[in-house]
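Below is one structure, written out as structure tokens; comments come after it.
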Ligand code: HEC
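In the working numbering, the protein residues as written are 359 to 973.
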């Protein structure tokens, strides 16, 4: 009469974001200036007021104004004149405005590129002595929104404790945790990230942690924790869906209709930031503004993370180290956004799609990678990638002294890894499965399974891939296959608590409590307060008629998580089996307090009351 619960434990790898560069917050930029009026033939005399100001107001002032990331303003003739030579140089070299991708057929939203004609105009203006021109030609100054860009947020969360950034030293990577103070599920249409004071915060990524796993890494609650690339675990299949990214000059992005982000009670948001010392002590205390929507999500995108870090072993001095990876899509998707990621040695970064008919398209090409300007690129229109489209990534690394960003002088051998000194080869694709057939189940599972198999092929020692494949197989009911994959995962990390528990749960579901038991013991050795493992061990022992042992495990489980009706009911059942009827009754009643409709507790309580009357 025991109620056995199998928890499917899902774990995803996530995070892993870096950045650099003088950054900013607040009063983000909604530019209201009129678009550039570009006459075909370049005028004989180029003037600031007529020809240059429109370009600058549109493409430079978002960052080049007080309080923003850039080191000086570009709002007036005097500003521009003072920096004229530099302006000619950085626009000619396409260093400013910072925009890494080459032009391509598939357009990005908010493309920030000057046209060749505009660049010529700037060169000519500077060459002619940077003349001001007729004041009547000057367009109005751009207007920028002060404060929160999308209006007052519905909720503002501030990091509990600031980080004190020392005046000197190397780059700091810090994660701030925002505890989301809600009691019921909310849908979010936008989040504005204000990562802290300009100039020091270079870039930030917001990650969703639904299981409070990041909190365990804090030395004190609210203090946050260090680390460039972070991993978040989840116990249920809830793949990451949104790229919540901040860099200087980007406006917050309201999610399209039907694609709101779900936040539940107990959800934490983890802000992964990259900070650089400024020469004086800085206090960094980020905040986020959250905008809710009453409309729950109806469309569920997913982040596909291609990677091939295992191939990264770059000899010192190698200028052209190539890593590729290809992934064949198992179903039709729309590609919404792309986020390539490498560290300091990345040089030429490319992703392209080869369609089933053999034709192809570039998804992104960054000929001169610079992690300081990494970004999430959203497509102007969703890109349809039919089933069997092959997505290829091809990254070239430069580990020579010619690479100005190479942190090692002289260069040293560099391998793949999570530290900033390691290299990375990642490509995130935000995709939306096109067809949803309830018969087939959640199409994201199909993607996740294909991706896990692909990752195992690339790297048989990929723990997460084995684990995730196991979880997908178990969800499909292929328990034997799942057990095999859990075992592969455990060969790589024998002490992993979650994998041990998951394997045990699979064995329990096959009615093999004796085989499950040692894995549960191992899980609890690794994590003594692990609710699921105590709970499952209680079930494994009860199934072998060790009711005293089972009762002890259910009690321990309830110590780490007190409000669980199943666990109370099972504790009651174990006690009843031992003849401790009045104690058993208390626990059935507690189960019913937590969940008045708990069937097992109801049945058992009735049974118990009959038996107690007979005695
Ligand atoms: C997305 C924000 C952003 C935009 C847009 C932007 N800049 Fe910058 N700019 C910066 C930052 C940050 C720096 C300082 C860090 C650096 O040197 O990379 C900078 C530096 C510069 C410098 C100094 C370079 C040096 O070598 O010291 C010049 C000149 C410049 N920008 C011109 C421009 C011009 C002209 C435009 C428009 C055509 C523009 N920027 C658009 C953020 C921006």
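Heads up, the beta-carbon is just placed ideally off N, CA and C, and yes, glycines get one too.
For a test of your reading of the model: does the CB of residue i fall under 7 Å from any non-hydrogen atom of the ligand HEC? Yes or no.
i, result
"residue 812", "no"
"residue 551", "no"
"residue 473", "no"
"residue 428", "yes"
"residue 639", "no"
"residue 324", "Look at the range of the chain in this structure, 359 to 973, and you will see that residue 324 is not part of it."
"residue 445", "yes"
"residue 432", "yes"
"residue 451", "no"
"residue 723", "no"
"residue 425", "no"
"residue 422", "yes"
"residue 768", "no"
"residue 417", "yes"
"residue 441", "yes"
"residue 456", "yes"
"residue 470", "yes"
"residue 487", "no"
"residue 336", "Nothing about residue 336 can be reported from this structure: the residues present for the chain run from 359 to 973 only."
"residue 586", "no"
"residue 660", "no"
What residue does the beta strand (DSSP E) around residue i start on, and which one ends it?
i, result
"residue 704", "704-712"
"residue 812", "From DSSP, residue 812 is part of no beta strand (DSSP E) but of the alpha helix (DSSP H) over 801-816."
"residue 640", "640-642"
"residue 951", "Run containing residue 951: none in the beta strand (DSSP E); it sits in the alpha helix (DSSP H), 939-952."
"residue 752", "748-755"
"residue 645", "645-651"
"residue 791", "784-791"
"residue 562", "559-567"
"residue 634", "Here residue 634 belongs to no beta strand (DSSP E), and DSSP marks it neither H nor E."
"residue 551", "544-552"
"residue 620", "619-621"
"residue 602", "602-604"
Judging by CA-CA distance, which residue of the options is the nearest neighbour of residue i?
i, options, result
"residue 710", "625, 515 and 786", "786"
"residue 689", "749, 645, 706 and 887", "749"
"residue 417", "546, 473 and 569", "473"
"residue 504", "426, 840, 436 and 446", "426"
"residue 326", "884, 834 and 853", "One cannot answer for residue 326 here, as it falls past the ends of the chain, which runs 359 to 973."
"residue 852", "899, 881, 448 and 566", "881"
"residue 982", "915, 873 and 514", "Residue numbering for the chain in the displayed model covers 359 to 973; residue 982 lies beyond these limits and cannot be assessed."
"residue 408", "858, 451 and 488", "488"
"residue 697", "737, 677, 658 and 763", "737"
"residue 627", "783, 515, 862 and 702", "515"
"residue 728", "721, 464 and 701", "701"
"residue 433", "459, 502 and 475", "502"
"residue 635", "528, 912, 704 and 940", "528"
"residue 892", "970, 918 and 906", "918"
"residue 676", "769, 492, 630 and 726", "769"
"residue 806", "903, 744, 662 and 429", "662"
"residue 906", "937, 431 and 637", "937"
"residue 629", "946, 532 and 713", "532"
"residue 844", "685, 638 and 824", "824"
Is any heavy atom in the ligand HEM found nearer than 7 Å to the beta carbon of residue i?
i, result
"residue 448", "By its list of ligands, the structure shown excludes the ligand HEM, since it contains just the ligand HEC."
For residue i, report the span of its alpha helix (DSSP H) as first-last.
i, result
"residue 825", "821-834"
"residue 968", "957-972"
"residue 411", "411-417"
"residue 926", "923-935"
Does the beta carbon of residue i come closer than 8 Å to any beta carbon on chain B?
i, result
"residue 905", "Checking the listed chains, one finds no chain B in this structure; it contains a single protein chain."
Between the stretch 607-625 and the stretch 647-657, are three or more C-beta pairs nearer than 8 Å? In short, these stretches touch, since the Cβ pair count reaches three.
Touch check for the stretch 943-956 and the stretch 918-935: three-plus C-beta pairs under 8 Å? In this structure the stretch 943-956 lies against the stretch 918-935, because at least three pairs of beta carbons, one per stretch, are closer than 8 Å.
Does the stretch 768-781 come within contact of the stretch 635-652, defined as at least 3 CB pairs closer than 8 Å? Judged by Cβ distances under 8 Å, the stretch 768-781 makes no contact with the stretch 635-652, as fewer than three pairs qualify.
Pair every Cβ in the stretch 579-589 with every Cβ in the stretch 753-765, then say whether three or more of these pairs are closer than 8 Å. No, because fewer than three Cβ pairs between the stretch 579-589 and the stretch 753-765 fall closer than 8 Å, the two stretches do not touch.
At which residue ranges does the stretch 849-913 contain complete alpha helix (DSSP H) runs of 4 or more residues, listed in the order of the chain? Every unbroken stretch of the alpha helix (DSSP H) spanning 4 or more residues and falling wholly within the stretch 849-913 is given here in chain order: 855-867, 871-884 and 889-901.
Do three or more CB pairs link the stretch 663-674 to the stretch 732-745 at distances below 8 Å? These segments do not touch.
Within the chosen definition, does the stretch 523-542 reach the stretch 425-445 through at least 3 CB pairs nearer than 8 Å? no
Suppose only complete runs of 4+ residues qualify. What are the alpha helix (DSSP H) ranges in the stretch 503-536, listed by chain order? Restricted to the stretch 503-536, not a single alpha helix (DSSP H) segment is unbroken, complete and at least 4 residues in length.
So does the stretch 629-649 actually touch the stretch 683-702, counting three or more Cβ pairs closer than 8 Å? no
Extract the residue ranges of the beta strand (DSSP E) inside the stretch 430-517, only unbroken runs of 3 or more that lie entirely within it. 513-516
May I ask you to verify whether the stretch 478-492 touches the stretch 509-517, counting CB pairs closer than 8 Å and requiring at least 3? no
Any alpha helix (DSSP H) of 4 or more consecutive residues that is wholly inside the stretch 655-735: none
With three or more beta-carbon pairs closer than 8 Å as the criterion, would you say the stretch 598-618 touches the stretch 540-555? yes
Between the stretch 455-463 and the stretch 400-415, can you find at least three pairs of beta-carbon atoms closer than 8 Å? Fewer than three Cβ pairs drawn from the stretch 400-415 and the stretch 455-463 lie within less than 8 Å of each other, which leaves the two stretches out of contact.
Can we say the stretch 716-727 touches the stretch 791-800, given the rule of at least three CB pairs closer than 8 Å? no
Using 8 Å as the Cβ pair cut-off and three pairs as the minimum, do the stretch 861-878 and the stretch 843-851 touch? Contact between the stretch 861-878 and the stretch 843-851 is present: 3 or more CB-CB pairs across the two stretches fall below 8 Å.
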